[in-house]
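Chains as they are written, first to last, in this note's numbering: chain A, 1 to 241; chain B, 1001 to 1241.
These notes are about the structure you will find just below.
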């Protein structure tokens, strides 16, 4: 039997229209959609975005990739999940691994890809990332002219002060876990007017935070944009917020 | 008369299917498409991508944004071009400013936006950037886990050695003008196995360069991805190259 094809598909971060024509075309062709979950509920976000584009009898395969500290245990989860996908591919099923945002931007898709056999045909379909979505949503340029951009997934080791110093524009992801540390750095470096946070961009529960100083905590799906040149002057077109 | 709406629309870098559903929907509604040109021929790339999605009688407005050294002269060009767009908006026309890639990633769209009147309704629609396209095309992760990513538009002042040292993953854009300097830094820092270049990604004339040392020059639309962890091991799925 001919093996199925394996797709990594970026579905954007919330708005079902922020998905590419290519992704929609491929979603029509798949038999199984893999919904990775780091924590409960994430999988259904991805499915909500694509449900109008898939076959009515598509199989939903929820796979858990827990954020456990033990690196070896994590690898076992990945290998076991990849094996479950490989079984579907062996049975001739076309399988799509769905990624919130883009498959090449902080996605477990690439961990799984490492375990997929060489003779499987693979196609990755780019998606709109959270920071691209937010910049468009707020009409704020990410970078322009000779400016650069740094994207950081904030963790305990992140030196926020160094990143602020070294880069013209900064995107900080996973900010909910280290919010106090980030907020302190923003205020101490005089960047209160230069930062904006959006949580759940494009979803019904979207929130935009312009005044970081007053924010005590942010939801899990929150991303910050910090621009040396400031963000506030771009607010004038935001009639809809 | 009700003013027209102004859209900034990202069209991706070449493959007409790498455009969002939202962009396609809005393209059906516009009366005028603005095709910015830094040098002759760029505008027609954007038009080629969208031509199947626009009204047959859509007006094409080619606007020149020359890459001249005189900053003040550049600003005059921007203002004059924005004025031409404003005339269309005043006449009730819906206008889309097309951007290769994404409107918030190195696009003249934001320079024009500065000159658009406050009472104009503005909507920016994100697009797939060159680096997102390339990573998907090659099945190479841009970043994963705790890794970071830096995006640099290379110019005379860029310290490539510092950028290589400070970042896990590096995207270098506009590399054709400073290619010798970049190549030297890649080789001297021992990163020959860690870099890949794609020019004209998704277009008929696409080229992938895995062996930087043998490359003498690259076309205008070329982007490099440099990964500390290496890029070569991801080649195994590239049956189609």
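For glycine and all other residues, C-beta sits at the position ideal for the given N, C-alpha and C.
Just so it is clear, the structure is predicted and the values come from calculations on it, not from any experiment.
Would you tell me roughly how many angstroms separate the C-alpha atoms of residue 1296 of chain B and residue 1020 of chain B, rounded to the nearest one?
Outside the shown range of chain B (1001 to 1241) lies residue 1296 of chain B, about which nothing can therefore be said.
Is any beta-carbon of chain A found at less than 9 Å from that of residue 1281 of chain B?
Because chain B here runs from 1001 to 1241, residue 1281 of chain B falls outside it and cannot be looked at.
Which chain A residues are close to residue 1124 of chain B, counting only those with a beta carbon under 7 Å from its beta carbon?
Contact annotation for residue 1124 of chain B against chain A: 136 and 139 [CB-CB distance below 7 Å, chain order].
Endpoints, the beta strand (DSSP E) within which residue 223 of chain A is located:
222 to 227
Determine whether the beta carbon atoms of residue 1139 of chain B and residue 113 of chain A lie at a separation below 9 Å.
yes
Below 8 Å on C-beta distance, what does residue 1236 of chain B contact in chain A?
118
Give the C-beta separation of residue 1178 of chain B and residue 1142 of chain B to the nearest angstrom, bearing in mind that I take them to be a contact with Cβ-Cβ under 8 Å.
22 Å between Cβ atoms; not a contact.
Relative to the alpha-carbon of residue 216 of chain A, which residue among A:107, A:174, A:180 and A:204 has its alpha-carbon at the smallest distance?
For the set A:107, A:174, A:180 and A:204, the Cα lying nearest the Cα of residue 216 of chain A is the one of A:180.
By a C-beta neighbour count over all protein chains shown, 10 Å radius and 16 as the cutoff for buried, is residue 1029 of chain B buried or exposed?
exposed
Is there a C-beta anywhere in chain B that falls below 9 Å from the one on residue 17 of chain A?
yes
I'd like the list of long-range same chain contacts for residue 1001 of chain B, defined as Cβ closer than 6 Å, with 5 residues on each side in sequence excluded.
1092
Count the other C-beta atoms from every protein chain shown that fall within 10 angstroms of the C-beta of residue 1224 of chain B, then say buried if there are 16 or more, exposed otherwise.
With 16 or more other Cβ atoms within 10 Å, it is buried.
Strictly under 9 Å for the Cβ-Cβ distance: is residue 1004 of chain B near chain A by that measure?
Closer than 9 Å: no.
Scan the stretch 1101 to 1114 of chain B for residues whose Cβ lies nearer than 9 Å to a Cβ of chain A and list them as they occur along the chain.
1102, 1103, 1104, 1105, 1106, 1107, 1108, 1109, 1110, 1111, 1113 and 1114
Three-state secondary structure assigned by DSSP to residue 23 of chain A:
helix
Give the single residue among B:1086, B:1210 and B:1221 whose Cα lies nearest to the Cα of residue 1154 of chain B.
B:1221
Under 9 Å, do residue 166 of chain A and residue 1166 of chain B count as touching if we go by C-beta distance?
yes
What are the partner residues of residue 1209 of chain B, as DSSP defines its beta bridges?
B:1197
Mapping DSSP to helix, strand and coil, what is residue 1062 of chain B?
strand
So what does residue 36 of chain A bridge to, in DSSP terms?
A:63
So the candidates are B:1193, B:1007 and B:1078; which of them puts its Cα closest to the Cα of residue 1031 of chain B?
B:1007
Bridge partner(s) assigned by DSSP for residue 246 of chain A:
There is simply no residue 246 of chain A to check, as chain A begins at 1 and stops at 241 in what is shown.
Taking three-plus beta-carbon pairs below 8 Å as touching, is the stretch 1124 to 1132 of chain B in contact with the stretch 1052 to 1071 of chain B?
no
Which residues in chain A sit within 8 Å of residue 1022 of chain B, going by Cβ to Cβ distance?
15, 17 and 18
Would you check if the stretch 105 to 112 of chain A and the stretch 192 to 204 of chain A touch, i.e. whether three or more CB-CB distances between them fall below 8 Å?
Under the three-pair Cβ rule at 8 Å, the stretch 192 to 204 of chain A does not count as touching the stretch 105 to 112 of chain A.
Candidates B:1057, B:1107, B:1095 and B:1015: which alpha carbon is nearest residue 1078 of chain B's?
Between residue 1078 of chain B and the set B:1057, B:1107, B:1095 and B:1015, the nearest pair of CA atoms involves B:1107.
Going by DSSP, name the residue or residues bridged to residue 169 of chain A.
A:149 and A:227
Which same chain residues, not among the five before or five after residue 161 of chain A, have their C-beta less than 7 Å away from its C-beta?
185 and 189
Exposure label - residue 1080 of chain B; buried when at least 16 CB within 10 Å
exposed
Classify residue 105 of chain A as helix, strand or coil using the three-state DSSP reduction.
strand
Selected residue, minimal CA-CA separation from residue 1136 of chain B, among A:22, A:18, A:17 and A:3
A:22
Is residue 51 of chain A close to chain B, meaning its C-beta is less than 9 Å from at least one C-beta of that chain?
No, because no Cβ of chain B sits closer than 9 Å to the Cβ of residue 51 of chain A.
Rounding to the nearest angstrom, what Cα-Cα distance links residue 33 of chain A and residue 1075 of chain B in this structure?
Taken atom to atom, the span from the alpha-carbon of residue 33 of chain A to that of residue 1075 of chain B is near 49 Å.
I'd like to know whether the C-beta atoms of residue 231 of chain A and residue 193 of chain A end up nearer to each other than 9 Å.
yes
Residues near residue 1068 of chain B in its chain [Cβ-Cβ closer than 7 Å; skip 5 each side]:
1074
Per DSSP, which one or two residues make a beta bridge with residue 12 of chain A?
A:101
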